[in-house]
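Asks: In our numbering, the protein residues as written are 1 to 97.
By construction, the Cβ of each residue, glycine as well, lies at the ideal position given by its N, Cα and C atoms.
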């Protein structure tokens, strides 16, 4: 017999691990970038992004990723990874050809 509670618990654990991994990656990536790269692409400054990502990481440690605070943290990490990170990388890398 399949226990639904067990399956749901495993799914929530996987979501939490993926969210924590993404937050850790985003925080590490932001810490390695130059300070002027963030302002060069008209985004928030590096200290602000580091603060946002650090708080998001701590929230994901303390709360499940599917509760309100966890969802806000996941959205913040996704905004960094989808919007800020590619533009900062393009500035750091320079022209592609």
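CA-CA distance, residue 6 and residue 20?
Replies: The count along the chain shown starts at 1 and reaches residue 6 at position 6. The count along the chain shown starts at 1 and reaches residue 20 at position 20. Near 21 angstroms, if we compare the C-alpha coordinates of residue 20 and residue 6.
Asks: Run the CB neighbour count on residue 26, radius 10 Å, all protein chains shown included, and call it buried at 16 or more, exposed below.
Replies: Here residue 26 refers to the residue found at position 26 when the chain shown is read from its first residue. Per the 10 Å Cβ criterion, buried.
Asks: CA-CA distance, residue 56 and residue 33?
Replies: Against the chain shown, residue 56 aligns to sequence position 56. Against the chain shown, residue 33 aligns to sequence position 33. Straight-line Cα distance between these residues: approximately 19 angstroms.
Asks: Leaving out five residues before and five after residue 36 in sequence, what residues of the same chain have Cβ atoms less than 8 angstroms from its Cβ?
Replies: Taking the first residue of the chain shown as position 1, residue 36 is located at position 36. There are no such residues.
Asks: Hey, could you find the ends of the alpha helix (DSSP H) residue 64 is sitting in?
Replies: Your numbering for residue 64 matches position 64 in the chain shown. Residue 64 -> no alpha helix (DSSP H), and no H or E assigned at all.
Asks: Could you tell me the alpha carbon to alpha carbon distance between residue 81 and residue 8, rounded to whole angstroms?
Replies: On the chain shown, position 81 is the one that residue 81 refers to. On the chain shown, position 8 is the one that residue 8 refers to. Roughly 27 angstroms between the two C-alpha positions.
Asks: From this set, 17, 24, 67, which residue's C-alpha is nearest residue 51's C-alpha?
Replies: Sequence index remark: in the chain shown, residue 51 carries index 51 (1-based). Answer by Cα proximity: 24.
Asks: If residue 12 sits next to residue 66, beta carbons under 8 angstroms apart, how far is it from one beta carbon to the other, in whole angstroms?
Replies: One-based indexing of the chain shown puts residue 12 at position 12. One-based indexing of the chain shown puts residue 66 at position 66. At roughly 6 angstroms, the Cβ-Cβ gap stays under 8 angstroms, so residue 12 and residue 66 are in contact.
Asks: Which residue's Cα is closest to the Cα of residue 76: 60, 91, 90?
Replies: As a working note, residue 76 is residue 76 in the chain shown. Per the Cα distances, 60.
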